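So the sequences go chain by chain: A and B.
Letter by letter, the first sequence follows residues 109 to 271 in our numbering.
Letter by letter, the second sequence follows residues 91 to 491 in our numbering.
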Amino acid sequence: MNAGDEREYAAYVTARLPALHRAAYLLTGDAHRADDIVQATLTCLYVHWRRARAADNTDAYVHRMLTHQFLDEKRLAWSRVLLGLAHRDRPAPAFPFEDHHLVHEALRKLPKGQRAVLVLRFLCDLSVEETASALRCSAGNVKSQTSRALEAMRSLLPSRSQT
Amino acid sequence: MSTDPDYNPHDDVAALLREIPLPPTRITTEHAISMGRKAIRRRRRGITAAAAAAVVAATAGGFTLANPAPRPAPVNLPLHSALPTPSASPSPVNLTGWTVAPLPLLDGTVATVAAMDSTGRYIAGTTSGFKAIVWDNLSPRLLPPPSSTIDDLQVVNVNSTGSVVGNAAGGGSSGYAWVYRDGAATKLPAPRAGGRYLARDINDRGDILGWSERSGPILWRATASRTAAPTVLSNVDDAYALGDDGSVGGTANDGDHPVVLSPTGQARRMAELPGKPGGKVFAISGNWACGWVPADTDSNLMSARWNMTTGELTPFPSVTSFPVAISASGAFLAGRGRFGSKVLVLPDGTIVELPTLSGSPLERGTELDAVAITADGTMIAGNQSGLKASSRIPALWRRSG
Chain A
109 MNAGDEREYA
119 AYVTARLPAL
129 HRAAYLLTGD
139 AHRADDIVQA
149 TLTCLYVHWR
159 RARAADNTDA
169 YVHRMLTHQF
179 LDEKRLAWSR
189 VLLGLAHRDR
199 PAPAFPFEDH
209 HLVHEALRKL
219 PKGQRAVLVL
229 RFLCDLSVEE
239 TASALRCSAG
249 NVKSQTSRAL
259 EAMRSLLPSR
269 SQT
Chain B
91 MSTDPDYNPH
101 DDVAALLREI
111 PLPPTRITTE
121 HAISMGRKAI
131 RRRRRGITAA
141 AAAAVVAATA
151 GGFTLANPAP
161 RPAPVNLPLH
171 SALPTPSASP
181 SPVNLTGWTV
191 APLPLLDGTV
201 ATVAAMDSTG
211 RYIAGTTSGF
221 KAIVWDNLSP
231 RLLPPPSSTI
241 DDLQVVNVNS
251 TGSVVGNAAG
261 GGSSGYAWVY
271 RDGAATKLPA
281 PRAGGRYLAR
291 DINDRGDILG
301 WSERSGPILW
311 RATASRTAAP
321 TVLSNVDDAY
331 ALGDDGSVGG
341 TANDGDHPVV
351 LSPTGQARRM
361 AELPGKPGGK
371 VFAISGNWAC
381 GWVPADTDSN
391 LMSARWNMTT
401 GELTPFPSVT
411 SFPVAISASG
421 AFLAGRGRFG
431 SKVLVLPDGT
441 IVELPTLSGS
451 PLERGTELDA
461 VAITADGTMI
471 AGNQSGLKAS
481 SRIPALWRRS
491 G
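Following this line, the structure appears as structure tokens:
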């Protein structure tokens with residue numbers, strides 16, 4: 109990667125890192141695993157930066173990479189080994205969990221596929237087709253999983269208008 | 091989340107997902123570039139990722155990474171293929187078998203029921219002012235707070251001695267578990283790894299199950315010192331339920347397999363559907379565990395119940411939602427009813443709709459949120475909710491006859 113490409117990569121990662129971290133944390137429900145798959149995704153993105161930049165939708169391309177890291181436990185194990193990082197403590201965020209805690213707990217109870225559909229479609233703003241591509245399944249499957257995931261979340265959460 | 095069929099969930103779900111607080115991350119742009127450069131150098135040297143990983147693992151060791159400990163091989167239990175006896179009627183039945191009454195409230199309070207003990211004596215919940223409330227034989231009283239500075243408080247469960255567990259935030263703390271016992275509410279000791287930690291369940295002997303963002307599932311044993319850090323449950327990946335004998339229900343690898351830890355801590359994989367592995371255990375009572383297993387595709391689910399002695403699995407294909415509580419006879423509560431309401435699923439698979447407080451049929455905008463059932467299956471605690479906060483009414487259903 110030349111210096112210009114690396115500057116572009118750095119700008120993209122700086123801008124997108126919070127969103128990728130959020131998506132990874134909601135997918136995994138675990139701070140360490142989220143860091144693992146974000147790091148593995150960004151490493152892969154660095155290697156394939158020109159291809160990602162040339163994609164019609166770079167964000168969708170990167171979210172697909174992130175999702176594959178999440179769904180592929182073998183790659184996850186590989187990325188963990190590469191991550192020989194010392195953990196740096198930072199101030200913890202505020203934790204008002206009237207809704208947040210319930211939502212996160214509900215998300216954690218979903219199967220991986222349903223959770224991934226919710227995160228990709230509603231947090232990452234991927235289309236049904238882009239979500240299907242990321243999850244390596246059909247658009248119909250994405251629709252049915254979305255419906256079931258929303259139904260499950262409804263059963264686990266009180267109506268927001270009621271709280 | 092709205093139950094209106096015309097409602098577009100996108101903005102609401104996105105807002106909920108964006109509001110979840112994030113833990114700190116160790117990833118930075120600089121580190122991403124550094125790791126990317128190393129990856130390219132490895133590729134140029136023709137070293138495969140797998141080989142590089144093996145060398146690093148063999149020579150470095152001691153990384154501060156999640157779940158490094160080896161796990162004992164789980165034991166597969168015999169699989170039961172029989173489906174539950176279908177209900178005599180294709181639609182929910184038995185509206186007449188139960189009565190319901192509102193729980194009494196203290197003046198000026200709005201409360202939400204979160205839990206009930208296995209006998210039905212204690213019901214616990216949270217008031218609109220972030221206070222814990224307990225009904226003892228239907229008589230309500232507020233509990234003292236675990237700290238003088240509370241930004242948020244939540245009740246999670248109550249046991250048959252009246253001990254209550256919950257979670258709170260405030261006073262600079264990013265979220266901690268607390269317990270009310272012996273007349274006082276106190277913060278539970280933090281896990282050794284630190285970070286945010288939560289309570290999830292308490293059993294009748296006083297063990298408390300929890301979860302820590304840095305350690306995963308944790309257990310405060312009743313027999314341990316009350317100032318001792320919780321034990322990390324290293325042989326299960328997540329845990330949601332605690333039996334009165336100390337059994338723990340949970341999952342291996344985030345839903346890949348349903349798992350129950352024996353009271354001595356041995357991991358036992360629960361039976362799974364042939365050709366469709368996966369599942370989680372959410373609740374335990376007596377000899378029964380309940381949770382979900384995959385349904386018609388890998389990611390869709392249905393309620394499931396396991397006999398913890400024989401390992402027998404009973405799937406409930408007509409209940410495509412999560413069970414939330416189970417009785418000692420194997421009856422469980424699940425979100426199967428109209429407009430998102432919970433129903434009671436009897437051991438033979440019969441689905442029982444609970445009555446509303448008014449006695450009239452359930453209407454859109456009204457939800458029966460049953461959260462707990464007694465061990466003998468004769469009482470159910472929960473809430474009837476309407477569209478306004480003031481219409482949320484804590485309620486107790488009783489089996490009549």
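Cβ coordinates follow ideal geometry from the N, Cα and C atoms, glycine included.
Predicted model, so just to flag it, every value in this text is computed and none were measured.
Could you pull out every residue in the same chain whose Cβ sits closer than 7 Å to the Cβ of Leu-150 of chain A, ignoring the five residues on either side in sequence?
-> Val-121
Length of the line joining the Cα atoms of Arg-211 of chain B and Trp-225 of chain B | 8 Å
Which value, in whole angstroms, describes the spacing of the CA atoms of Arg-108 of chain B and Ala-361 of chain B?
-> 36 Å
Contacts around Ala-242 of chain A, its chain only, beta-carbon distance under 7 Å, and the 5 residues preceding and following it disregarded = His-171, Arg-172, Thr-175, Leu-228 and Leu-234
Mind the definition here: the region 194-210 of chain B touches the region 245-254 of chain B only if three or more C-beta pairs lie below 8 Å; say whether that holds.
-> yes
For Leu-264 of chain A, which of A:Arg-124, A:Val-155, A:Ala-214 and A:Ala-142 has the nearest alpha-carbon?
-> A:Ala-214
Residues in the region 333-364 of chain B with C-beta within 8 Å of chain A's C-beta atoms, listed in sequence order?
-> Asn-343, Asp-344 and Gly-345
Does Glu-116 of chain A get closer than 8 Å to chain B when you measure Cβ to Cβ?
-> no
If you measure beta-carbon to beta-carbon, which residues of the region 291-323 of chain B are closer than 8 Å to chain A?
-> Glu-303, Arg-304 and Gly-306
Measuring only between beta-carbons, confirm whether Val-155 of chain A sits less than 8 Å from chain B.
-> yes
Looking at Lys-366 of chain B and Pro-498 of chain B, is the spacing between their C-beta atoms short of 8 Å?
-> Limits of chain B in this structure are 91 at one end and 491 at the other, which puts residue 498 of chain B out of reach.
Does the beta carbon of Ser-389 of chain B sit closer than 8 Å to a beta carbon anywhere in chain A?
-> Per-residue confidence for Ser-389 of chain B stands at a pLDDT of 47, beneath the threshold of 50, marking its modelled position as unreliable; no derived number is given.
Based on the DSSP secondary-structure assignment, which residues constitute the bridge partners of Met-392 of chain B?
-> B:Val-383
Of the residues B:Thr-341, B:Asp-241, B:Thr-199 and B:Asp-272, which one's Cα is nearest the Cα of Val-232 of chain B?
-> Val is not the amino acid found at residue 232 of chain B; the sequence shown has Leu there. Considering only alpha carbons, the answer is B:Thr-199.
Going by C-alpha distance, which of A:Gln-222, A:Val-250, A:Lys-217 and A:Tyr-117 is nearest Ala-122 of chain B?
-> A:Tyr-117
If we cut at 8 Å on Cβ distances, does Phe-412 of chain B have a partner in chain A?
-> yes
Should Glu-453 of chain B go down as buried or exposed, given a rule of 16 or more other Cβ atoms within 10 Å for buried?
-> exposed
In angstroms, rounded to a whole number, what distance separates the CA positions of Asn-397 of chain B and Trp-378 of chain B?
-> 5 Å
Roughly how many whole angstroms lie between the Cα atoms of Asn-249 of chain A and Met-392 of chain B?
-> 17 Å
Distance CB(Leu-153 of chain A)-CB(Val-103 of chain B) smaller than 8 Å | no
State the CB to CB distance for the pair Gly-339 of chain B and Val-155 of chain A, rounded to an integer number of angstroms; the pair is presumed to be in contact (CB under 8 Å).
-> Between Val-155 of chain A and Gly-339 of chain B the Cβ distance is about 42 Å, and since that is not below 8 Å, they are no contact.
Minimum C-alpha distance to Ser-208 of chain B - residue among B:Asp-334, B:Ile-117, B:Arg-116 and B:Ala-312 | B:Asp-334
Verify the CB distance criterion: does Lys-366 of chain B have a CB-CB separation below 8 Å to chain A?
-> no
Does Glu-237 of chain A have its Cβ less than 8 Å from a Cβ in chain B?
-> no
Using a C-beta cutoff of 8 Å, does Leu-134 of chain A count as contacting chain B?
-> yes
Across which residues does DSSP place Pro-348 of chain B in a beta bridge pair?
-> B:Thr-341
Over what stretch of residues does the alpha helix (DSSP H) that includes Pro-194 of chain B continue unbroken?
-> Unbroken run through Pro-194 of chain B: none, as it is neither H nor E.
Is there a Cβ from chain B that is less than 8 Å from the Cβ of Arg-172 of chain A?
-> no
When the cut-off is 8 Å and only beta carbons count, does Gly-261 of chain B lie next to chain A?
-> no
So what does Ser-302 of chain B bridge to, in DSSP terms?
-> B:Tyr-287 and B:Gly-306
Per-residue contacts from Val-103 of chain B into chain A (C-beta, under 7 Å) | Leu-226 and Phe-230
Give the range of the beta strand (DSSP E) segment to which Val-409 of chain B is assigned.
-> Here Val-409 of chain B belongs to no beta strand (DSSP E), and DSSP marks it neither H nor E.
Please name the residue in A:Arg-161, A:Arg-115 and A:Ala-127 whose C-alpha comes closest to that of Cys-232 of chain A.
-> A:Ala-127
Per DSSP, Ile-213 of chain B is paired with what?
-> B:Met-206 and B:Trp-225
Cβ of Pro-320 of chain B within 8 Å of Cβ of Pro-279 of chain B?
-> yes
Taking the alpha-carbon positions, what's the Gly-262 of chain B to Thr-216 of chain B distance?
-> 21 Å
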